[in-house]
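Below you'll find the structure, written out as structure tokens, and then a few comments.
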Amino acid sequence: MTTRILTGITTTGTPHLGNYAGAIRPAILASQQPGADSFYFLADYHALIKCDDPLRIQRSRLEIAATWLAGGLDPDKVTFYRQSDIPEIPELTWLLTCVAAKGLLNRAHAYKASVDKNVEAGEDPDAGVSMGLFSYPVLMAADILMFNAHKVPVGRDQIQHVEMARDIGQRFNHLFGQGRDFFALPEAVIEETVATLPGLDGRKMSKSYDNTIPLFTSAKDMKDAISRIVTDSRAPGEAKDPDNSHLFTLFQAFSTPAQSAEFRDELLQGLGWGEAKQRLFQLLDGQLAEKREHYHQLIARPSDLEDILLAGAAKARKIATPFLEQLREAVGLRSFRTAVQATGEVKKKAAKTARFVSFRDEDGSFRFRLLAADGEQLLLSRSFADGKSAGAVSKQLQQGGEADVRVEGLGFSLWLAGEQVAEGPQFEAAEARDAAIASLREALAPQQD
1 MTTRILTGIT TTGTPHLGNY AGAIRPAILA SQQPGADSFY FLADYHALIK
51 CDDPLRIQRS RLEIAATWLA GGLDPDKVTF YRQSDIPEIP ELTWLLTCVA
101 AKGLLNRAHA YKASVDKNVE AGEDPDAGVS MGLFSYPVLM AADILMFNAH
151 KVPVGRDQIQ HVEMARDIGQ RFNHLFGQGR DFFALPEAVI EETVATLPGL
201 DGRKMSKSYD NTIPLFTSAK DMKDAISRIV TDSRAPGEAK DPDNSHLFTL
251 FQAFSTPAQS AEFRDELLQG LGWGEAKQRL FQLLDGQLAE KREHYHQLIA
301 RPSDLEDILL AGAAKARKIA TPFLEQLREA VGLRSFRTAV QATGEVKKKA
351 AKTARFVSFR DEDGSFRFRL LAADGEQLLL SRSFADGKSA GAVSKQLQQG
401 GEADVRVEGL GFSLWLAGEQ VAEGPQFEAA EARDAAIASL REALAPQQD
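According to the UniProt record's numbering, the sequence shown holds residues 1 to 449 in order.
Encoded structure:
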């Protein structure tokens, strides 16, 4: 069974060793596992909540995109996109905002922490609190629910947000599902073995502490940073304590068990800190030099990065666009033309359970959908230059035109007279695809002579 995994990266800073070991590297490895359908996105809408420097956000988007690709993420095997390139996400955010309880958002940790800080300082409880900060969990819920992610790898501070996404999705299903669950309920995944690396001063590596080692800085700058790692005063020849050494923790995060055991033994035998830092530099430079070169090549070709991200957005929107259309129908945001057509067909043939829905796309072309009785989309047509052409094909199908269903992986397409005219959605399992094809044949059968 395919498991859909979704990971977002806020674009407000330059990635460092801690980001790589704690999030980027394990996520890339997870994307390579069989049965994983992985979605990775640059959370640039989220970045606006905490950063009002446009140049910093723009630079961070570029650096983080290049970091993931240089780190080994394969955009052909995953869905890699910018949040801001998916217009369906802010629209879904509003639909979810309309069902999210304010009391639920009042309990969000980030909001409560801001209120507590204001109260302690004698300020108004909401001083400095933007609606972006308050509504952050709803935007995160939209990120997750738009693609019906099953698993969301997060740090412990984000578990609550995944749980809130479950609550909001469940509320929407209850209000508008009419027996159908539009949203899968996501599960937070905490990787207990993921490293939390210390910075140069021993505290958690973080830009807020100014104690980081940038991931793809030059070899010289990396060596200089490593030389500033705080160690104790034990001289060469004196036994060191690896278990309380920040330097050893960093080495361990990038070494094999055998390398780590050997380094540990050398520290116990009195290896000098200067030599130990040189060993750490050699280890890191050996692993990151090739990735560093790839990273700088990508940074130098921003147009290539743009093409990759736009291709990822197009891939993501093949899921998001028809799904949002279903959600709009569910809440009553329907075309008047659709309502008239549906009403006319019910009057004409009461036994008819499926319906064709015509609409005009954002680019001005015309398309149609075939929706099952429960609102499930069975078909989405290709684009037509004019409404007359789209209507002619739709009418031909309704009148029993000889259609050919062709299976394509976990999806299918519909052909008329040797030409593909529509395609079905992508499914996570062959059983679901086959059930949809059966529903399609049943929906078309009553219209045939």
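Each residue gets a CB set at the ideal place from its N, CA and C atoms; glycine is no exception. Predicted model only: the values in this text are computed from it and were never measured.
In terms of DSSP beta bridges, what is Ile9 paired with?
Leu42
Compute the minimum distance between the beta carbon of Ser31 and the heavy atoms of the ligand SAH, and state whether it is under 7 Å.
For the structure depicted, the ligand SAH is absent and the ligand set is empty, with no information on it obtainable.
From the DSSP output, which residues share a beta bridge with Tyr81?
DSSP output for Tyr81 lists Phe41 as bridge partner(s).
Would DSSP call Ser381 helix, strand or coil?
strand
Over the uninterrupted beta strand (DSSP E) stretch that includes Gln420, give me the two end residues.
Counting along the chain, the unbroken beta strand (DSSP E) around Gln420 starts and ends at 419–423.
Alpha carbon to alpha carbon, how far is Gly332 from Asp167?
Distance from the CA of Gly332 to the CA of Asp167, rounded to the nearest whole angstrom, comes to 22 Å.
For Arg61 versus Phe39, is the C-beta spacing smaller than 8 Å?
no
What is the residue span of the beta strand (DSSP E) that Leu371 lies within?
366–371
Quick one: what's Leu17 bridged to in DSSP?
Leu17 is bridged by DSSP to nothing; it lacks a bridge partner.
Can you find at least 3 beta carbon pairs, one from the region 284–303 and one from the region 313–330, that sit closer than 8 Å?
no
Shorter than 8 Å from the beta carbon of Leu444 to some beta carbon of chain C?
Any reference to chain C falls outside this structure, which holds one protein chain only.
Measure the C-alpha to C-alpha separation of Lys395 and Ser389 and round it to an integer number of angstroms.
10 Å
Confirm, please, whether the CB-CB distance from Ala47 to Ile89 is below 8 Å.
no
For a minimum of 3 consecutive residues, which ranges assigned as the beta strand (DSSP E) are wholly contained in the region 279–346?
none
What's the C-alpha gap between Ile299 and Asp307?
13 Å
Tell me the rounded alpha-carbon separation between Thr10 and Arg334.
34 Å
Alpha carbon to alpha carbon, how far is Met205 from Cys51? Give it in angstroms, no decimals.
Rounded to the nearest angstrom, the two C-alpha atoms are 20 Å apart.
Which term fits residue 524, buried or exposed, when burial requires 16 or more other beta carbons within 10 angstroms of its beta carbon?
In the structure displayed, the chain extends from 1 to 449; residue 524 sits before or after that span and is not available.
By DSSP, does Asp404 sit in helix, in strand, or in coil?
strand
Smallest Cα separation from Ala311: which of Phe41, Asn19, Gln426?
Phe41
Whole angstroms is fine: what's the gap from Arg234's alpha carbon to Tyr45's?
Roughly 48 Å separates the two Cα atoms.
Where do the N-terminal and C-terminal ends of the beta strand (DSSP E) with Pro54 fall, by residue?
Taken as a continuous stretch (DSSP letters only), Pro54 belongs to no beta strand (DSSP E), being part of the alpha helix (DSSP H) at 54–70.
I think Ala253 touches Ala21, with their Cβ atoms under 8 Å apart; what is that distance to the nearest whole Å?
5 Å
Kindly confirm or deny that the region 104–120 and the region 133–140 touch, where touching means at least three C-beta pairs closer than 8 Å.
yes
Per DSSP, what kind of secondary structure is Leu440 in: helix, strand or coil?
helix
Keeping to the same chain, check which residues put their C-beta closer than 7 Å to that of Ser439; ignore five residues upstream and five downstream.
Ala372, Leu378
Could you pull the start and end residues of the alpha helix (DSSP H) that Glu395 belongs to?
Before going further, note that residue 395 is Lys rather than Glu in the sequence given. That run of the alpha helix (DSSP H) goes 387–398.
I need the DSSP call for Asp434, collapsed to helix, strand or coil.
helix
What separation, rounded to the nearest whole angstrom, lies between the Cα atoms of Lys207 and Pro214?
Taking the straight line from one Cα to the other gives about 10 Å.
Taking the DSSP output, what are the residues bridged to Lys204?
Pro198
Give me the Cα-Cα distance between Gln259 and Tyr81, rounded to the nearest whole angstrom.
37 Å
Excluding the 5 residues preceding and the 5 following Phe172 in the sequence, name in chain order all residues of the same chain whose CB lies nearer than 6 Å to its CB.
Val99
Alpha carbons only, please: which of Thr231, Asp232, Leu284, Ala225 is nearest the one belonging to Phe251?
Comparing Cα positions, the closest option is Leu284.
Below 8 Å between beta carbons: does that hold for Arg328 and Ser358?
Not closer than 8 Å, so no.
Answer with buried or exposed for Gly364, where buried requires no fewer than 16 other C-beta atoms within 10 angstroms of its C-beta.
exposed
Could you please give the first and the last residue of the uninterrupted alpha helix (DSSP H) stretch that includes Pro26?
Annotation for Pro26: the continuous alpha helix (DSSP H) segment containing it runs 25–31.
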